[in-house]
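Peer 1: Below is one structure. I have some questions about it.
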Amino acid sequence: MLVDGTPYRTVDWKDGQLVLIDQPVLPHTFSRVSMDDHLQVARAIRTMVVRGAGAIGAAGAYGLALAARQAPNGDFDAYLAQAHRTLADTRPTAQNLFYGLGRVLAAAQAAGGGERPDDARDAALTEAQAVADEDAAACEAIGHHGAALLEDGVGVATHCNAGWLAFVDWGSALAPVYRARRDGKSVHVVVDETRPRSQGARLTAWELAGEGVPHAVIADNAFGHMARQGAFQVVIVGSDRVARNGDVANKIGTFGRAVIARHLGLAFYVALPSSTIDPDCPTGADIPIEERDGDEVRWTWGATDDGGFGRVRTVYDGCPVRNPAFDVTPAGLVDGLVTEHGVFPASSDGVAAILAAAGRL
Ligand code: MRU
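What follows is the structure, given as structure tokens:
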């Protein structure tokens, strides 16, 4: 997508290095960081320099390709296996990370692994590139299918950031909005702030401004009231992992939005590339939910009046907190899964049909 007229990908490969948009400093500063070591990539995923399901899937894939380049000829397989574990241990919930890592590891092994390390290195990088390109293409296709659900003049609510910063390009939940807008429809977006890390306020609003989409950020608590007031008619969120029965894990707070939408009869869609589906996960109860550092709840941060960037504590010193990063929305509350292959019911049959369309059944 465009930043000041220049096209960027959230996760890119340039001159033998992985290049990431530095997300914690957005929207105050736009900058990119380059890395050539898989341990740097692991740190970037853990600290959320790169975040969002598709983006960490592509970054992890490139990270493992970098590890293949770093691996000594005599110890290639063990080094790659250890790097795979290190990258997989960074964040537990988003399935795309394990999907990307799995594809790169399998490609390196199929090319000969430690028996033919140079071939394995080439194959790993080619596969990482394919994971990234497919992520961008899938999200663009989600835009086409999802835009058909949006009437001219519609109000859309979204939670967290499932835009292009959460993927390689386009995004999942926001791709239909961008497509509809580029097709000439009028769409306005209500953006949940999404505490504690405020991905809605910091990232989604910045993205929407860049695409010229009218929007307003609301405090998280305002969602139900705004829904009742008719501020939006459709809710579209992303997902970090979808179970085989259609249950959906997404940013903490999503479940409550789905309950409110159902209560008020508003459409509630979940947009995702098929790489977010975990065929080994029978139900949402089997999805691991990340619990992050409590300081994300204790402190908030942003631009300061003097033009700097800083944080402030909002609770008393040492206050106990809890910080679950995701929740599970039962399939029964989801009106449709918007994927690169079309819109499917959130059910066992719907998920099986998506996997079949993706050639993964
Ligand atoms: O913790 P994050 O920022 O990596 O969480 C990911 C998200 O932004 C969302 O839950 C999103 O809606 C789905 S991932 C595209």
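My numbering puts the first residue of the sequence shown at 38, with every later residue one more than the last.
By construction, the Cβ of each residue, glycine as well, lies at the ideal position given by its N, Cα and C atoms.
Starting from residue 358, follow the beta strand (DSSP E) in both directions and report where the run begins and ends.
Peer 2: From DSSP, residue 358 is part of no beta strand (DSSP E); its letter is neither H nor E.
Peer 1: Under DSSP, the beta strand (DSSP E) around residue 285 begins and ends at which residues?
Peer 2: Counting along the chain, the beta strand (DSSP E) containing residue 285 begins and ends at 285–288.
Peer 1: Tell me the rounded alpha-carbon separation between residue 148 and residue 397.
Peer 2: Their Cα atoms are separated by approximately 21 Å.
Peer 1: As a quick exercise: from 104, 111, 128, pick the residue whose alpha carbon is nearest that of residue 25.
Peer 2: Residue 25 lies beyond the stretch modelled for the chain, which goes from 38 to 398, so this question has no answer here.
Peer 1: Who are the Cβ neighbours of residue 320 in its own chain at under 6 Å, not counting the five residues just before and after it?
Peer 2: 280, 282, 284, listed in sequence order.
Peer 1: To the nearest whole angstrom, what separates the beta carbons of residue 129 and residue 325, a pair I think is in contact under 8 Å?
Peer 2: Indeed they touch by this definition, with Cβ atoms about 4 Å apart.
Peer 1: Tell me, please, whether the segment 54–68 touches the segment 119–136 by the rule of three or more beta-carbon pairs shorter than 8 Å.
Peer 2: Touching, no.
Peer 1: Mapping the DSSP letters down to three states, classify residue 339 as helix, strand or coil.
Peer 2: Strand, per DSSP.
Peer 1: Does the segment 70–80 come close enough to the segment 180–187 to have 3 or more Cβ pairs within less than 8 Å?
Peer 2: The segment 70–80 is not in contact with the segment 180–187.
Peer 1: Going by alpha carbons, who is nearest to residue 323 out of 301, 314, 306, 78?
Peer 2: Looking at the Cα atoms, 314 is the closest of the given residues.
Peer 1: Taking the beta carbon of residue 109 as the centre, do at least 16 other beta carbons fall within 10 Å, making it buried, or is it exposed?
Peer 2: Exposed.
Peer 1: Compute the Euclidean distance between the alpha carbons of residue 77 and residue 247, then round it to the nearest angstrom.
Peer 2: So the alpha carbons of these two residues sit roughly 29 Å apart.
Peer 1: So is residue 361 buried or exposed if we call it buried at 16+ other beta carbons inside 10 Å?
Peer 2: Exposed.
Peer 1: Since residue 141 is in the alpha helix (DSSP H), which residue starts that stretch and which ends it?
Peer 2: Here the alpha helix (DSSP H) through residue 141 covers 132–147.
Peer 1: Does the distance from the C-beta atom of residue 307 to that of residue 374 stay below 7 Å?
Peer 2: Cβ atoms of residue 307 and residue 374: closer than 7 Å.
Peer 1: Is it true that the CB of residue 142 sits closer than 7 Å to the CB of residue 125?
Peer 2: Not a contact, by the Cβ cut-off of 7 Å.
Peer 1: Using 8 Å for Cβ pairs, my map puts residue 173 next to residue 205. What's the rounded Cβ distance?
Peer 2: Indeed they touch by this definition, with Cβ atoms about 4 Å apart.
Peer 1: Who are residue 71's beta bridge partners in DSSP?
Peer 2: Answer is 56.
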